[in-house]
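Data first, discussion second: the structure below is written as structure tokens.
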Amino acid sequence: MNSQGSTYSDTALLKKCLSAIEEKAQLGHSNTWRTTHFERLSELIEEDTGVRLSAVTLKRIWGKVSYNSEPSISTLDALAQFIGHEHWIAFQQDAANTGNSQFISHIISAKKIRNNSRVRFFVRMGILVVIFIATIISFIALSSKDKAYRLDSISFDFSALSEGVPNTVLFTYDVANTGADSFFIQQTWDPRLRHPILPTQNNLAITYYYPGVFRAKLILDETIVQEKDLYIGSGGWLGCIEKNLLPFYFGKTDLQLENGIGLNEDHLVDKGFQINQDIPFSSLYLLGLWDEIPGNDLVVHTRFKHTLGKGEAICQNAQFYVLGSDIPIIVPFSIPGCTGELTLLLPDKRLEGQQFDLSAFGVDYSDWVDLKLELKDHKLKIKVNGSIAYEDTLTQIPEKFYGVRYRFHGTGQVEFLNISASGTVIYNEIFNKSDGVSMLE
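When we follow my numbering, the leftmost residue of the sequence shown carries the number 1144, and every step to the right adds one.
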């Protein structure tokens, strides 16, 4: 209870805060929000405050997921900071100071605005500034629409400075004589990870904290002129618990469990996570152990399970990644009641559970989930527990295969993994030796 006798998350006060957040986020009315909207809001809050609130946490706060407990004060603090307040108590106090009058969100200012004529003046000035900027941008866009760059003078390459993660990648480039006005290196698909470079220089060093396959891009003005696969290996089996930018790392020895390899609740508690509050995401990687192999004649067979089905992780969401060049194949799983929130990501399409029937990926984690993925001659077949869950002919396929990743909301483990390419086994390991794992054909 606070000094006014109300709970931290007084319903009316929380609604005001959420309304202000919706206005700032500009994602439309929350009645129409899907998982992707909450994921984007999570990113926006982290960008502004440095605090990561999971999409599931946000869904719970907005009433999209049934949950009996109140938000923690740390969560409320992050929400208040996103709309310009120092913390939740400051937001409470400012809201109280407005009495029963209209509460003005802190998107424009963290203080109450008293002079309405002054507001109208700044609004008019803001509109004029926006029109002016839009005119300038339109002029620049039109003048450079058909701009021709001297691409024959470009060079773009990179090299990792170490093995495993974290790993600094040194990009080398030459863009001095291209005729462009602005220059960028984008370290992956995410445009937020775009770094300006100077045409008078030739090097840029970027640190990668997670293993993976990244499509690095060289950009002149807004035109991608070169892009190349960059992959950071895991150095064997690697476990990561996601925590903002820098994760917690676990080597293979740390991952050994009684009947598999993976992360469990003890790993989370040991790193200071409060299991009754926000449950983090964790991943298991195996990436870069072998030479590059083609991605169009591939069979990956594995058994795994999610192992922390409580609190925010009640849906037991898990994803299996086939990491190839450009876009990965991401196969989603959850308990049967949550499949409407799943997304199956393929190189040439994205299938969301709200529009497509992904019920075959709803599983019972009381036993191992058997997954077999076959990709040959553009034909993809995904089997779950021996039955075909999805099959399709892909217009776009990974040119090369680099490795796999398991991602869990919470924790999970792997019983075995077998990978074959062009009919030859390139990796086979059974972690549950006592169970006599059988390979499904």
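The beta-carbon is built from N, C-alpha and C at its ideal position, and this holds for glycine as well. The model shown is predicted, which means the values in this text are computed figures rather than measured ones.
| query | Can you list, in chain order, the residues of its chain whose CB lies under 7 Å from that of L1187, leaving out five sequence neighbours each side? | reply | Excluding positions up to five away in sequence, the list reads A1168.
| request: With DSSP as the reference, please indicate the residues paired to I1404 in a beta bridge. | output: Note: I1404 sits in a beta bridge opposite Q1399 and V1557.
| the segment 1347-1356 contacting the segment 1295-1315, beta-carbon criterion three pairs below 8 Å | Yes, the segment 1347-1356 is in contact with the segment 1295-1315.
| Exposure label - Q1235; buried when at least 16 CB within 10 Å | Buried, by the Cβ-count rule.
| query | Taking Cβ positions, are H1552 and N1419 nearer each other than 8 Å? | reply | One thing to note: H1552 has its Cβ no nearer than 8 Å to the Cβ of N1419.
| query | Exposed or buried, which one is W1433 when buried takes at least 16 other CB atoms within 10 Å? | reply | W1433 should be labelled exposed.
| Secondary structure at G1415, three-state DSSP: helix, strand or coil? | Correct three-state label for G1415: coil.
| message | Pop quiz: T1218 and L1196 are said to be a contact at Cβ under 8 Å. What is the actual Cβ separation, rounded to whole angstroms? | response | With 8 Å as the limit, T1218 and L1196 qualify as a contact, their Cβ atoms being about 6 Å apart.
| request: Assuming T1486 and R1493 form a contact by the criterion Cβ under 8 Å, report the distance between their Cβ atoms to the nearest whole angstrom. | output: Indeed they touch by this definition, with Cβ atoms about 6 Å apart.
| query | Bridge partners of V1318, per DSSP? | reply | For V1318, DSSP assigns no beta-bridge partner whatsoever.
| message | With three or more C-beta pairs closer than 8 Å as the rule, is the segment 1557-1565 touching the segment 1432-1446? | response | A contact is defined here as three or more CB-CB pairs under 8 Å, and the segment 1432-1446 meets this definition with respect to the segment 1557-1565.
| query | Per DSSP, which one or two residues make a beta bridge with C1383? | reply | Under DSSP, C1383 forms a beta bridge with Y1392 and S1426.
| Cβ distance (whole Å) where Q1539 is taken to contact D1491 below 8 Å | With 8 Å as the limit, Q1539 and D1491 qualify as a contact, their Cβ atoms being about 4 Å apart.
| For A1168, the first and last residue of its enclosing beta strand (DSSP E) | Secondary structure note for A1168: it is in no beta strand (DSSP E), and the uninterrupted alpha helix (DSSP H) holding it is T1154 to A1168.
| said: Any heavy atom of the ligand GTP closer than 7 Å to the beta-carbon of K1395? | reply: This structure simply doesn't include the ligand GTP, nor any ligand for that matter.
| Using the C-alpha atoms, what's the distance from L1427 back to D1500? | In a straight line, the C-alpha of D1500 is about 27 Å away from that of L1427.
| message | Here's a check: name, in chain order, each residue in its chain whose Cβ is nearer than 7 Å to the Cβ of P1390, leaving out the five neighbours to either side. | response | By the criterion of a C-beta distance shorter than 7 Å, P1390 is surrounded in its chain by Y1352, Y1353, C1383 and I1384, once the five residues flanking it on both sides are discounted.
| query | Are the segment 1362-1371 and the segment 1316-1330 touching by the rule of at least three beta carbon pairs closer than 8 Å? | reply | Here the segment 1362-1371 lies against the segment 1316-1330, with 3 or more beta-carbon pairs under 8 Å apart.
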